[in-house]
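Let me begin by presenting the structure, written as structure tokens, before commenting on it.
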Amino acid sequence: MTSRNTRQHTVLAAAIATSTVVALVGTALTASAAPRPTADSARPAGASVALSAAARTELLRTAQAGLARTAENIGLGANEKLVVKDVVKDADGTVHTRYERTYEGLPVLGGDLIVHTSKSGTTQGVTRASKARLKLATTTPRVTAATAQKQALSLAKDRGSAKSTSDRAPRKVVWAAADKPVLAYETVIGGLQDDGTPNQLHVVTDAATGKTLFQYQGIETGVGNTQYSGKVDLATTQSGSSYTLTDASRGGHKTYNLDHQQDGTGTLFSQDNDTWGDGKTTDAATAGADAAYGAQATWDFYRNTFGRSGIKNDGKAAYSRVHYGNAYVNAFWDDSCFCMTYGDGTNDSDPLTSLDVAGHEMSHGVTSNTAGLEYSGESGGLNEATSDIMGTGVEFAANNSADPGDYLIGEKININGDGKPLRYMDKPSKDGGSADYWSSSVGGEDVHYSSGVANHFFYLLSEGSGAKTIGGVDYDSPTKDGSKVTGIGRDKALQIWYKALTSYFTSTTDYAGARKGTLSAATDLYGADSAEFKAVEAAWTGVDVH
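In terms of our numbering, the sequence shown is residues 9 to 554.
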């Protein structure tokens, strides 16, 4: 998301793990599992099942044991190897296993793929991030690592990052974004960006020519008695006569006070009573209560809606930090620390700890640990939209009268200073910059604007086109061709998007690929001839994605 001011603060966004990031743009899905009809039972055949920790571990172990056989079955070359990342199992026994790839031991940026396997163990299809066949003449670079590092530091400074440092020495990788894969370096630049946001600039450099192939920012900023959600019940932990903001019931989530510092973990909120904050910014614990509530609401949403146990689906919690920096008008998720961080807003008066911000930011962590949608081009718009979609789901699911669910993003935090929402899902262009419909140029827009296409699709799929009032908020959603779209309800729309994210989207999925992935998801969940499948088609047509 971006605020409309001269500094163009980017808010509510993602960070992608430096060890597993795949930097690719614009490649559509290359294959998908064969459609499966809806089962006669109450649970659709293609619905993902909640896996116990033991069951998930066993599926991952089985995938790990069969790496060589899987690589042979899907036609990988002798120099290529698979690395297991994640696994999803459907009610009918179909397993979707997500892999990353190496070539002669080097990470392949754009090598991720999903293998869809039937209950009997037969490979049904493969969804690939890149069509490129991996074959390099050499893995010996002509350009030195030092040259690549110097170039990356220069690029960081050109982007306004005066306090840049190299986080680590450049690593050799295979860059598979182009038609012909090349040997490259990936350099990660740390330090701080110009507005105080932590820096995590990834620069990919051709190891033969020294040309910059790609660059992206790994940390894209976003946007008790709480400030935004009223009086709420918080899960805390008592130790002796003191209490801490530690939620043992949700993976051990902890909330820390940075007290306006910009590094470190901060101090765990602790006090001698179990009432946190007073609803005002003058009490530091108020923002802590908002953050803790947002974390537990997000955990509960994913668990109750999708059967997902935490961001990584491993039952382990992230942690939250509040009061970052001074007058910091941002919030961000950082996958490298697996943590959420919130600034206090302009004049330290509007902390970015509202419910939809929390759900939005932590959903970037879910995306990073599933599809890994690269934060650039159309895949970046889909990444940002996924967080808007899931953040909206969190807000509705919380059913909090002080902050009721709506299709507005950031309506509580006043980030533009005019009291208006940051984004609108029914007609994204109402924010002054977001795209209502797809065009060939949408991938060149800032991801917070290009996300409008998917946000609009989700609204149309959920609620349909035209004017209506939902929860006291007036909406009026148009379509590109003037067609009428009938919504299937938010609950079904969320299931379709999540299924596509976890079983069909890859790091490079673009809007055409998202259409294909959501249609596959609708087929899995409701059947190829279902009203839900047809609604997905109609909603994408409504935003001009064919």
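Even glycine gets a Cβ: it sits at the ideal position worked out from N, Cα and C. Predicted, not measured: the structure shown is a model, and the values here were computed from it.
{"Item": "Please tell me whether Y467 and S362 are closer than 8 Å, where the distance is taken between their beta carbons.", "Value": "no"}
{"Item": "Bridge partners for W183 per DSSP, in chain order?", "Value": "L117, V190"}
{"Item": "Find out if the Cβ-Cβ distance for the pair A164, N233 is shorter than 8 Å.", "Value": "no"}
{"Item": "Measure from the alpha carbon of W548 to the alpha carbon of each residue in G129, V461, F513, then state which is nearest.", "Value": "V461"}
{"Item": "What number of angstroms, rounded off, separates the C-alpha of G118 from the C-alpha of A71?", "Value": "20 Å"}
{"Item": "Applying the criterion that 16 or more other CB atoms from any shown protein chain within 10 Å of the CB defines a buried residue, is T510 buried or exposed?", "Value": "buried"}
{"Item": "Using DSSP with H/G/I as helix, E/B as strand and the rest coil, what is R69?", "Value": "helix"}
{"Item": "Using a 10 Å radius around the Cβ and a threshold of 16 neighbouring Cβ atoms, would you call G399 buried or exposed?", "Value": "buried"}
{"Item": "Name the residue from S317, G318, N355 whose alpha carbon lies nearest to the alpha carbon of A335.", "Value": "N355"}
{"Item": "How many angstroms separate the CA atom of I397 from the CA atom of I417?", "Value": "9 Å"}
{"Item": "With a threshold of 6 Å on Cβ separation, who are the neighbours of T263 within its own chain once the five nearest residues in sequence on each side are excluded?", "Value": "L253, F277, G296, A299, A300, S328"}
{"Item": "Should L430 and G54 be called a contact, given that it needs their Cβ atoms to be closer than 8 Å?", "Value": "no"}
{"Item": "Checking 8 Å against the spacing of the C-beta atoms, do T213 and V151 come in under that value?", "Value": "yes"}
{"Item": "Go through its chain and collect everything with a Cβ distance to E392's Cβ below 7 Å, but skip five positions before and after it.", "Value": "A21, V455, H456, S459"}
{"Item": "Kindly indicate the opening and closing residues of the alpha helix (DSSP H) around M370.", "Value": "363-376"}
{"Item": "So E369 and A339 are in contact, right, with Cβ under 8 Å, and what is the actual spacing, rounded?", "Value": "6 Å"}
{"Item": "In three-state DSSP terms, what is M398?", "Value": "helix"}
{"Item": "Between which residues of its own chain and A61 is the CB-CB distance below 8 Å, once the five residues before and five after are set aside?", "Value": "S317, D322, G323"}
{"Item": "Can you name, in chain order, every residue of its own chain whose Cβ lies under 6 Å from the Cβ of R15, other than the five neighbours on each side?", "Value": "The pLDDT assigned to R15 is 26, lower than 50, so where the model puts this residue is not dependable, and the model offers no usable value."}
{"Item": "Given a threshold of 16 other Cβ atoms within 10 Å of its Cβ, counted over all protein chains shown, does H554 qualify as buried or as exposed?", "Value": "exposed"}
{"Item": "Report yes if the CB atom of L381 is closer than 8 Å to the CB atom of T517, and no otherwise.", "Value": "yes"}
{"Item": "Can we say the region 70-88 touches the region 99-117, given the rule of at least three CB pairs closer than 8 Å?", "Value": "yes"}
{"Item": "Would you list the one or two residues that DSSP bridges to N233?", "Value": "K239"}
{"Item": "Across which residues does DSSP place W341 in a beta bridge pair?", "Value": "M348"}
{"Item": "If I follow the unbroken alpha helix (DSSP H) through N355, where does it start and stop?", "Value": "Here N355 belongs to no alpha helix (DSSP H), and DSSP marks it neither H nor E."}
{"Item": "Could you pull the DSSP bridge partners for D98 from this structure?", "Value": "S56"}
{"Item": "Among N377, V402, H372, E403, which has the Cα closest to the Cα of T388?", "Value": "The identity of residue 388 in the sequence shown is Gly, whereas the question assumes Thr. With distances taken between Cα atoms, G388 lies closest to H372."}
{"Item": "Using CA atoms only, rank isn't needed, just tell me which of F314, N377, N312, D187 is closest to W341.", "Value": "N377"}
{"Item": "Looking only at its chain, what residues have a beta carbon closer than 7 Å to the beta carbon of A406, apart from the 5 residues adjacent to it on each side?", "Value": "A305, L363"}
{"Item": "How would you write the range of the alpha helix (DSSP H) that V461 sits in, first residue to last?", "Value": "460-471"}
{"Item": "Among all the DSSP beta bridges, which residues are the ones paired with V330?", "Value": "N265"}
{"Item": "Give every residue of the same chain whose Cβ lies closer than 8 Å to the Cβ of V481, excluding the five residues on either side of it in the sequence, and list them in chain order.", "Value": "D414, Y415, L416"}
{"Item": "Going along the chain, which residues of its own chain have a beta-carbon closer than 6 Å to the beta-carbon of F346, five neighbours each way excluded?", "Value": "A326"}
{"Item": "I'd like to confirm the pairing. Which residues does DSSP put opposite I478 in its beta bridges?", "Value": "V481"}
{"Item": "Would you list the residues sitting across from Y107 in a DSSP beta bridge?", "Value": "V92, L121"}
{"Item": "Can you tell which of T102, V211, R109, G259 has the C-alpha that lies nearest to the C-alpha of A153?", "Value": "V211"}
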